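Some notes on the structure that comes next.
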Amino acid sequence: MRRSGSPAGASRRAAAAVGALGLALAGTVVGATPGSAASPPSADAVDCSWAHSNKDAGAGGTTTSTRMQAGPYGACGTVVVAGPGVKMYYHCYVVNKYGNKWSHVRAAGTSINGWVWNEHLDDGGSTKRC
Numbered sequence: 001m002r003r004s005g006s007p008a009g010a011s012r013r014a015a016a017a018v019g020a021l022g023l024a025l026a027g028t029v030v031g032a033t034p035g036s037a038a039s040p041p042s043a044d045a046v047d048c049s050w051a052h053s054n055k056d057a058g059a060g061g062t063t064t065s066t067r068m069q070a071g072p073y074g075a076c077g078t079v080v081v082a083g084p085g086v087k088m089y090y091h092c093y094v095v096n097k098y099g100n101k102w103s104h105v106r107a108a109g110t111s112i113n114g115w116v117w118n119e120h121l122d123d124g125g126s127t128k129r130c
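In full-length UniProt numbering, the protein residues as written are 1 to 130.
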């Protein structure tokens, strides 16, 4: 019998909490993997470790099923997939080398955070640059 404080018990509780919010846990992947990339990686390497901080008090929702990434590129690993209408608290935004604006966010009711392409946020994402 496992104690309720065991890592396996904690993992089950975290997965249940995430599922209740419309998020499908995709694993915490730091680099791009063929099954987790939102788009195929380009020949150019991308930097998935961008600085961010909580500068924005705003929030919005996802417009479609949305991948929360480990960095501001589709080729960065997927942290979780959020369903449509999931509330996201904004931290700040960056513009990546392709000119795409990404917001660093936290899914409401969780401690899960990552980068979401602003095209998938109902109000265009954060208004505060990282």
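Even for Gly, the Cβ is constructed at its ideal location relative to N, Cα and C.
This one's a predicted model, so the numbers in the text were calculated from it and none came from an experiment.
* Asked: Shortest alpha-carbon distance to Ile112 belongs to which of Tyr98, Gln69 and His120?
  -> Gln69
* **Ser126 and Tyr90 closer than 8 Å at C-beta** => yes
* Is the beta carbon of Thr62 sitting closer than 8 Å to the one on Ala82? -> yes
* What first and last residue would you give for the beta strand (DSSP E) that runs through Ala82? -> Thr78 to Ala82
* Would you kindly work out how many angstroms separate the C-alpha atoms of Ala45 and Tyr73, rounded to a whole number? => 10 Å
* To do: Please name the residue in Lys128, Glu119, Ser53 and Asn96 whose C-alpha comes closest to that of Pro84.
  => Glu119
* Asked: Does DSSP classify Asn100 as helix, strand or coil?
  -> coil
* Range covered by the beta strand (DSSP E) that runs through Val116 -> Asn113 to Trp117
* **Cα-Cα separation, Val79 to Asp122** => 20 Å
* Asked: Along the chain, where does the beta strand (DSSP E) that runs through Gly60 open and close?
  -> Ala59 to Gly61
* Just the C-alpha distance for Gly124 and Thr110, rounded to the nearest angstrom, thanks. => 21 Å
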